[in-house]
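Those letters in the sequence shown? Residues 23 to 333, per our numbering, in order.
Glycine included, every Cβ here is placed at the ideal spot set by N, Cα and C.
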Amino acid sequence: MIMFFDTRGLCVLFAITIWSINVGLATELGDEPKDISFSVDPVWRSDDREKRMTYGLNVAAPWPGGGTLFINFPEHLEYDPQGNTILRHWDNRRNLWIMSPDLKQVSYRVESLAMKGVTVEAFARVATRTECPAGARGIYLAMRIANNSRITLPVIRPLICFQYKKLTGFPQYMENFQHSFIVMNGELTALSDLPTKNLDTKFKGCVVRGCPQRDTRAERQGGLIREDMDLALSVVTELKGPRKVIFWWTPGKSMIANANIPCMHADPYFGSLKPGEKASAEGLVLFTEDKTDPIVEELIRRDRKSPRWQH
C-alpha cells in the first residue's frame with residue numbers, strides 16, 4: 023500500500039494497492055549500477071510559458087553514464103473533446119514537488135487553476151525489486167483526479183510525456199519510430215512498421231483495444247495507427263546496444279509518439295467524472311538491458327487483473 027503525505031507527513035492524500043512478484047536485480051558484469059533518483063531544474067520556472075515545465079521531473083537512469091529521462095507529469099490534463107484546461111505545463115506555480123531527503127520519492131497535490139474544486143495528485147518513487155519484472159529497475163507512478171466542482175468533467179485526456187533525448191545513446195530526431203514499439207496482438211511492433219494515413223508524419227498515435235475513449239491527438243497529423251494496441255505500454259530502445267525504457271499505465275487509454283521532441287507516451291484512462299467522483303491510475307517506468315519479452319508478458323498479466331474503464 024502506497025500513501026501520499028503532505029510536507030508534515032500527517033495527511034494521507036491517497037493510497038493505491040500495487041502488485042508484487044519475486045525477482046532479483048540484474049546487473050551487467052563489471053558495471054556498478056547507479057541509483058535512480060529524482061530532480062527538478064530551476065530553469066523550468068521560465069517567464070516564457072512555452073518553456074515553463076511546472077510539472078516537470080528528471081529521472082536519473084540506473085545505467086553508468088545513462089543520462090536522464092524527463093517526465094512532463096503532466097504536459098497537459100484536459101477535459102471535453104475541445105480540450106478544456108485542468109492542468110497545463112505552463113501553469114504559474116512555484117515549489118510544486120514535495121521531495122524526500124534521499125531524492126527517491128516525490129509528490130504533489132494541487133487544485134486546478136482553471137477549474138475550482140478539481141484536484142490532482144501525482145506521486146513517483148523508486149520501485150522495489152519485487153515491483154519490477156524480470157530484473158528491471160525503475161520507478162512507480164500514480165495519479166488521481168478528484169472532481170469536487172459542480173460540473174461533470176467529460177472525456178478527461180491526460181498527456182504524460184516521457185522525453186528520452188537526454189538518455190545517452192537514445193534516438194534524437196532521426197530513426198525514432200524504428201526504435202519505438204507498442205504491443206500489437208501480443209507482439210512488440212515498431213511504429214515504423216505500423217501504417218498511417220500520412221506516411222511522412224512525425225507524430226503517431228494509437229488507442230488501447232476496448233477503451234471507450236478514442237482520442238489520441240494524432241488524427242490531425244494523419245498519424246493515427248489503424249489497428250488498436252493491446253495495452254498502454256510503450257518501449258524505446260537505444261540506437262546501438264541493449265538499453266531499453268518501458269512505459270506502462272493502467273487502466274490505459276492511448277499512445278502518442280512525437281519525433282520532433284522526441285517523446286513517447288503511454289497515457290492512462292480517467293474517463294468522465296461527475297461531481298463528487300474521483301479516478302486513479304498507476305504505472306511503471308522500467309530500465310533494462312535484458313530481453314523485453316518477460317517484462318511485457320508480466321505487465322500484460324497485471325494489466326488484465328487491474329480495474330478497467332469504469333468512468
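Check: Can the beta-carbon of G160 be found closer than 7 Å to that of F309?; Outcome: yes
Check: To the nearest angstrom, how far is the alpha carbon of S68 from that of N207?; Outcome: 43 Å
Check: Do L109 and P96 have their C-beta atoms closer together than 7 Å?; Outcome: yes
Check: Distance check for I283 and K226, CA to CA, integer angstroms please.; Outcome: 13 Å
Check: Could you check what DSSP says for P180 in three-state terms: helix, strand or coil?; Outcome: strand
Check: Given a threshold of 16 other Cβ atoms within 10 Å of its Cβ, counted over all protein chains shown, does T152 qualify as buried or as exposed?; Outcome: exposed
Check: For I173, count neighbouring C-beta atoms within 10 Å of its own C-beta (all shown protein chains included) and say buried if the count is 16 or more, exposed if not.; Outcome: exposed
Check: What are the residues that DSSP puts in a beta bridge with H98?; Outcome: R110, L181
Check: Just the C-alpha distance for T141 and K300, rounded to the nearest angstrom, thanks.; Outcome: 9 Å
Check: Assuming D102 contacts P176 under a Cβ cut-off of 8 Å, what Cβ separation, rounded to an integer in Å, is found between them?; Outcome: 5 Å
Check: For P290, is the classification buried or exposed, using 16 other Cβ atoms within 10 angstroms of its Cβ as the cut-off for buried?; Outcome: buried
Check: Please list the terminal residues of the continuous alpha helix (DSSP H) segment that includes I317.; Outcome: 315 to 327
Check: DSSP three-state call for S68: helix, strand or coil?; Outcome: coil
Check: Going by beta-carbon coordinates alone, are A240 and A288 separated by less than 7 Å?; Outcome: no
Check: Sort R131, P86, M277, R265 by Cα distance to R248 and report the nearest one.; Outcome: M277
Check: Output needed for A128: all residues of its chain with C-beta closer than 6 Å, excluding positions within five of it in sequence on either side, in chain order.; Outcome: Per the sequence shown, the amino acid found at residue 128 is Val instead of Ala. Here the set comprises F60, W119, M121, A146.
Check: Let me make sure I understand the geometry here. Which of D252, D250, C228 has the alpha-carbon closest to that of R242?; Outcome: C228
Check: Would you check if the distance between the CB atom of A144 and the CB atom of T107 is smaller than 7 Å?; Outcome: no
Check: Label K138 either buried or exposed according to how many other C-beta atoms from any shown protein chain fall within 10 Å of its C-beta, with 16 as the threshold for buried.; Outcome: exposed
Check: Tell me which same chain residues have a C-beta within less than 8 Å of the C-beta of P64, skipping the five on either side of it?; Outcome: none
Check: Could you pull the DSSP bridge partners for N80 from this structure?; Outcome: S61, F92
Check: Using CA atoms only, rank isn't needed, just tell me which of R323, D312, T272 is closest to G305.; Outcome: T272
Check: For S134, which residues does DSSP report across the bridge?; Outcome: Looking at the DSSP assignment, S134 forms no beta bridge with any residue, so it has no partner.
Check: Can you name, in chain order, every residue of its own chain whose Cβ lies under 8 Å from the Cβ of H111, other than the five neighbours on each side?; Outcome: R74, M75, T76, Y77, G78, N94, P96, E97, H98
Check: Count the other CB atoms within 10 Å of the CB of L295; is the residue buried (16 or more) or exposed (fewer)?; Outcome: buried
Check: Quick check: what's the CA-CA separation for G232 versus W331?; Outcome: 9 Å
Check: Expressed to the nearest angstrom, what Euclidean distance is found between the alpha-carbon atoms of T259 and M196?; Outcome: 13 Å
Check: I'd like to know whether the C-beta atoms of P155 and E320 end up nearer to each other than 7 Å.; Outcome: yes
Check: Comparing alpha-carbon positions, which option in H201, K219, N220 lies nearest T211?; Outcome: H201
Check: For R8, does the three-state DSSP call read helix, strand or coil?; Outcome: Shown here, the chain extends from 23 to 333; a query on residue 8 therefore has no answer.
Check: Let me make sure I understand the geometry here. Which of D113, A303, Y130 has the alpha-carbon closest to that of I178?; Outcome: A303
Check: Whose CA, out of L189, P234, E133, lies closest to the CA of K262?; Outcome: L189
Check: By the three-class DSSP mapping on this structure, what secondary structure does E241 have?; Outcome: helix
Check: Taking C-beta to C-beta, are F199 and L213 nearer than 7 Å?; Outcome: yes
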